[in-house]
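Colleague: I'd like to ask you about the structure that follows.
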Amino acid sequence: MGGARATREQIIEAADRLFYRQGYEHTSFAAIAEAVQISRGNFYYHFKTKDDILAAVITARLAERRRMLERWEAEEPTPAGRIRKYIEIPLTNRADVQMYGCPVGTLSTELAKLNHASFAEANSVFTLFRTWLRDQFALLGHESEADALAMHVIAFSQGVATLANAFRDEGFIWREVKQMSDWLTAYE
């Protein structure tokens with residue numbers, strides 16, 4: 001049973017990586033099976049459809065982001081410090097961001113364009129971030145504008161990821177993260 005579970009996790013990890021790097025639509029069963037080095041028959045034992053794999057990837061991404069936010073709450077004593085961790089995501093992941101954009105934003109955008117049934121589920125990661133950031137701004141005493149501030153920070157992050165991907169400019173990421181971090185000091 002542990003072997004089957006490990007294979008399933010390997011499939012999810014490979015699909016996540018491929019969806020991020022080449023997009024959901026352009027990733028085939030064969031490409032995922034090849035990345036995991038299993039036969040298509042073994043692959044179908046775990047996932048019957050590509051949409052089943054997508055659902056598992058979204059669930060894994062959501063769980064991973066929740067753990068990340070919990071870790072930040074344990075490591076950072078102040079709400080501003082925790083928000084700053086979020087602001088630094090494009091910098092922390094700058095190599096991947098320059099090559100592929102934001103994994104959350106690119107998948108949500110692609111599924112929206114496809115009018116895919118899983119769009120709302122993929123968007124749940126953004127909802128998680130929005131709620132968490134709103135809570136952090138409320139803790140800073142900005143409850144009445146917390147949601148707008150949360151959306152501003154998410155928009156910043158997505159804009160930086162998109163332009164960093166378009167221009168492959170690491171200096172741009174550094175400058176924008178510093179500017180957003182400086183902006184945050186007005187709300188501390």
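What the sequence shown shows, in UniProt numbering, is residues 1 to 188, in sequence order.
Every residue, glycine too, gets a C-beta built ideally from N, C-alpha and C.
(1) Using only alpha-carbon positions, find the residue among Lys178, Ala148, Arg94 that is nearest to Leu163.
(2) Excluding the five sequence neighbours on either side, which residues of its own chain have a C-beta within less than 7 Å of the C-beta of Glu13, listed in chain order?
(3) How big is the Cα-Cα spacing for Ala150 and Ser39?
(4) Under the three-state reduction of DSSP, which class applies to residue 190: helix, strand or coil?
(5) So what's Gly141 in DSSP terms, helix, strand or just coil?
(6) Thinking just about the alpha-carbon of each residue, which of Thr185, Asp182, Ala155, Arg130 is nearest to the one in Arg66?
(7) Just the C-alpha distance for Glu79 and Leu140, rounded to the nearest angstrom, thanks.
(8) Which residue wins for smallest C-alpha separation from Asp182, given the options Gly81, Ser28, Met68?
(9) Is DSSP giving His46 helix, strand or coil here?
(10) Can you name, in chain order, every residue of its own chain whose Cβ lies under 6 Å from the Cβ of Asp147, other than the five neighbours on each side?
(11) Which residues in the same chain have their Cβ closer than 7 Å to the Cβ of Phe29, if we skip the five residues on either side of it in sequence?
(12) Taking a contact to mean a Cβ-Cβ separation below 8 Å, would you say Pro90 touches Val153 in this structure?
(13) Taking contact to mean 3 or more Cβ pairs, one atom from each stretch, closer than 8 Å, check whether the stretch 112 to 124 and the stretch 46 to 64 are in contact.
(14) Going by C-alpha distance, which of Asn165, Ala63, Trp132 is nearest Thr106?
Modeller: Result, derived from the coordinates:
(1) Closest option to Leu163, judged by alpha-carbon separation, among Lys178, Ala148, Arg94: Arg94.
(2) Same-chain partners within the cutoff: there are none.
(3) Those two C-alpha atoms are separated by around 45 Å.
(4) Summary: the structure shown does not reach residue 190, with the chain confined to residues 1 through 188, and so no result is reported for it.
(5) Assignment of Gly141 by DSSP, reduced to helix, strand and coil, places it in the coil class.
(6) Closest by alpha carbon: Arg130.
(7) The sequence as given places Pro at residue 79; Glu does not occur at that position. Their backbone Cα atoms lie some 6 Å apart in a straight line.
(8) Comparing Cα positions, the closest option is Gly81.
(9) Here DSSP, grouped into helix, strand and coil, assigns His46 to helix.
(10) The answer, listed in chain order, is Arg134.
(11) Hits under 7 Å: Arg40, Phe43, Lys50.
(12) Pro90 places its beta carbon 8 Å or farther from that of Val153.
(13) Judged by Cβ distances under 8 Å, the stretch 112 to 124 makes contact with the stretch 46 to 64, as three or more pairs qualify.
(14) Out of Asn165, Ala63, Trp132, Asn165 has the C-alpha closest to the C-alpha of Thr106.
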